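Protein chains: 2
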Amino acid sequence: MSEPSYDRSRCSVAGTLSVIGEKWSLLVLREAFLGVRRFADFQRILGAPKAVLTDRLTTLVAAGIFARVPYQADGERQRHEYRLTDKGRDLYPTVVALMQWGDRYLAEPGAAPLALEHRDCGAAIRLELTCEAGHPVAGPRDVRPVRRTATG
Amino acid sequence: MSEPSYDRSRCSVAGTLSVIGEKWSLLVLREAFLGVRRFADFQRILGAPKAVLTDRLTTLVAAGIFARVPYQADGERQRHEYRLTDKGRDLYPTVVALMQWGDRYLAEPGAAPLALEHRDCGAAIRLELTCEAGHPVAGPRDVRPVRRTATG
DNA sequence: CGATCGAGGTTCGTCAAGTGAACTCAGCAG
DNA sequence: CTGCTGAGTTCACTTGACGAACCTCGATCG
């Protein structure tokens, strides 16, 4: 439960980073998108220290990205699992963006262990930048940032 | 010049985070996408400690995301500026993803100070998840991750 | 009933990283 | 040469990450 000082310059990037910008947060999300829900599984797969994991999960629950849902497995005691909320699920493009860049630029032998396929048609998933008129947007050069003065 | 231990589980998300996952890195990139190139400007706008900024820029240059280009302004001494490479420019979707999420979920009064418009047509920029067959992909539910065993 | 086990944490000492202030260094103006 | 400024380094301090050990609660065993 920490509040890092990303918040200088009130921008949405900084805001988002103050929620998920800490170490492990995005890796926790990555695993969550792969279906992981239980503390022990996050811990085992990521190898993150329990204390950090506890803190990250608590933060993410507080931020409404995960919901802490009780569940009960066959004759076991009640536990709780961490399930993505819609808000959390909307971070999927962020994780995909990171993955895509890594696949392109960090693909060393033995890397690129994960491909994403469209469940319906099997084609590869891609993240694309477009404008609402449907034109393709190649990169920052095609974009004009418009600073809106907060008149509120 | 640090090598944080993101690298557990050789995945592209972890790899990318080991390059740009540290504090300030993505904010530096955000400013770079807005046209900032000089050390002093990054420092003034972000308010990051100089030491950290030096380290982040050095790391990003070493990673091939920025190029350190000498330049000379009118009667001033030669300095160098940090220019995005293609590799760096390809991180644009990542920053847009963070921004888009923040705009949607953290839009408190006084926030959302930055809109992105397509330079040609003025329409808003959006990041979309699709498959290569052109179908829209709503979220992780529509995606099947395929773990490819690294066969050497 | 009491002892044991294991998931899900918490606590703690240590060590790395982030932070801001002060200092350094390299040209250029005068 | 002296002062000024952008760029960066050094330093003392604080915060956060780390890993190991410990705690807690419910199910099971004896």
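Chains as they are written, first to last, in my numbering: chain R, 388 to 539; chain X, 388 to 539. All residues carry an ideal CB built from backbone N, CA and C; glycine is no exception. Predicted, not measured: the structure shown is a model, and the values here were computed from it.
Nearest chain R C-beta to residue i closer than 9 Å, yes or no?
i	result
residue 440 of chain X	no
residue 428 of chain X	no
residue 437 of chain X	no
residue 474 of chain X	yes
The alpha helix (DSSP H) that contains residue i, what's its start and end?
i	result
residue 433 of chain R	426-433
Please name the residue, chosen from the options, that lies closest to residue i on a Cα-to-Cα basis.
i	options	result
residue 468 of chain R	R:414, R:528, R:413, R:448	R:448
residue 410 of chain R	R:426, R:442, R:478	R:442
residue 513 of chain R	R:484, R:429, R:464, R:428	R:484
residue 457 of chain R	R:531, R:470, R:515, R:445	R:470
residue 477 of chain X	R:459, R:438, R:527, R:399	R:527
residue 418 of chain R	R:531, R:510, R:516, R:453	R:453
residue 521 of chain X	R:507, R:518, R:488, R:531	R:507
residue 480 of chain X	X:399, X:398, X:416	X:416
residue 401 of chain R	X:408, X:450, X:532	X:408
Considering residue i, what are the terminal residues of the beta strand (DSSP E) in which it resides?
i	result
residue 510 of chain X	Here residue 510 of chain X belongs to no beta strand (DSSP E), and DSSP marks it neither H nor E.
residue 468 of chain R	465-471
residue 530 of chain R	530-534
residue 501 of chain X	501-505
residue 454 of chain X	453-459
With a threshold of 9 Å between beta-carbons, can residue i be considered close to chain X, or not?
i	result
residue 468 of chain R	no
residue 447 of chain R	no
residue 454 of chain R	no
residue 417 of chain R	yes
residue 444 of chain R	no
residue 424 of chain R	no
residue 464 of chain R	no
How is residue i classed by DSSP in three states: helix, strand or coil?
i	result
residue 389 of chain R	With a pLDDT of 39 at residue 389 of chain R, under the threshold of 50, the modelled position of this residue cannot be trusted, and the question is left open.
residue 525 of chain X	coil
residue 400 of chain X	helix
residue 416 of chain R	helix
residue 436 of chain R	coil
residue 484 of chain R	helix
residue 493 of chain R	coil
residue 478 of chain X	coil
residue 516 of chain X	strand
residue 450 of chain R	coil
residue 444 of chain X	helix
residue 423 of chain X	coil
Residues in the region 477-491 of chain R with C-beta within 8 Å of chain X's C-beta atoms, listed in sequence order? Answer set for the region 477-491 of chain R: 477, 478, 479, 480, 481, 482, 483, 484, 485, 486, 487, 488, 489, 490, 491.
Residues of the region 512-534 of chain R in Cβ contact with chain X at a cutoff of 8 Å, in chain order, please. Result list: 512, 513, 514, 515, 516, 517, 518, 519, 520, 522, 524, 526, 527, 528, 529, 530, 531, 532, 533, 534.
Short of 8 Å Cβ to Cβ, which residues in the region 396-415 of chain X face chain R? 396, 397, 398, 399, 400, 401, 402, 403, 404, 406, 408, 410, 413, 414
Residues of the region 499-510 of chain X with Cβ closer than 9 Å to any Cβ of chain R, in chain order: 499, 500, 501, 502, 503, 504, 505, 506, 507, 508, 509, 510
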